[in-house]
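Before any comments, here is the structure.
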Amino acid sequence: MIYLPAKLFEKDKNSVTQVSSLYSHIIIDEYQDINQVQQFLLRCLVGRTTYVMAVGDVDQTIYQWRSSTPYYMLEGFKKDFKGVEQYTLSYTFRYGDLISLMANNIIVNNKKRHNNLCITYPKLNKATGISILDSSDKVVLKLKALIQNGVDASDIAILVRKYNSTTVFELSCLYHDLAYSIVADKNIFSENLFKAIYGYLMLFNKGYGFDKHTP
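Below is the structure:
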């Protein structure tokens with residue numbers, strides 16, 4: 001998807017001239033994840049009167065396995081485009097002082113970064129408690145204890161980075177008889193693994209249920 005237009009722009013300068021005036025404004029989100037080819041395409045799209053805004057956090061560069069680099073956010077953007085103005089957003093509204101302090105002490109070990117601090121917004125009255133639980137069962141038992149102590153279940157959430165990470169928590173909730181809901185169109189039983197297990201169970205039961213449950 002990126003390779004073909006990049007090769008075209010590299011070989012045919014007239015094509016660059018045609019596209020460089022198409023957009024008056026370009027906004028790039030998650031700019032910390034940009035790589036060399038993407039930056040090349042961006043330069044081709046930007047004309048003399050094009051306004052470019054790049055938004056990102058160099059500390060969140062996590063796609064280096066596909067050639068993303070913090071270089072463009074640290075230096076490259078200013079070299080490729082003239083008259084750059086930089087705005088730093090230091091305050092966070094997501095969590096309290098304790099997490100901010102821990103995050104700053106860890107991320108400072110990154111060598112290629114802006115010398116910024118993550119600061120909790122002063123008027124944000126949000127105390128943060130941190131505990132480390134090394135299994136999904138312990139997490140679910142902790143949640144059950146919170147509910148028994150009066151915490152409303154609707155105020156509790158488990159956040160995961162990927163959908164399939166919910167599987168272990170769903171199994172623990174089922175095992176410990178804790179009701180839950182998933183804010184998504186799928187649940188544990190829509191996973192391919194569980195579809196396969198269900199199929200083997202039906203086959204073991206002399207094929208019963210295949211006609212009924214076949215999509």
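In UniProt numbering, the protein residues as written are 1 to 215. Yeah, the Cβ is synthetic: ideal placement off N, Cα and C, and Gly gets one too.
Residues G47 of the same chain have their beta carbon placed closer than 7 Å to that of S21, with the five preceding and five following residues left out of the count. The beta carbon of I156 sits closer than 7 Å to the beta carbons of L143 and L146 from its chain, once the five residues preceding and following it are set aside; these are given in chain order. If the five residues before and after L8 are omitted, its C-beta is found closer than 7 Å to the C-beta atoms of S15, all from its own chain and listed in chain order. Taking a C-beta distance under 8 Å as the contact criterion, Q32 and V58 qualify as a contact pair. Contact check for L124 and F93: beta-carbon distance about 6 Å, within the 8 Å limit, so the pair qualifies. In this structure T120 is in contact with S100, their Cβ atoms being roughly 5 Å apart against a cut-off of 8 Å. In the three-state DSSP reduction, M202 falls in the helix class (H, G or I).
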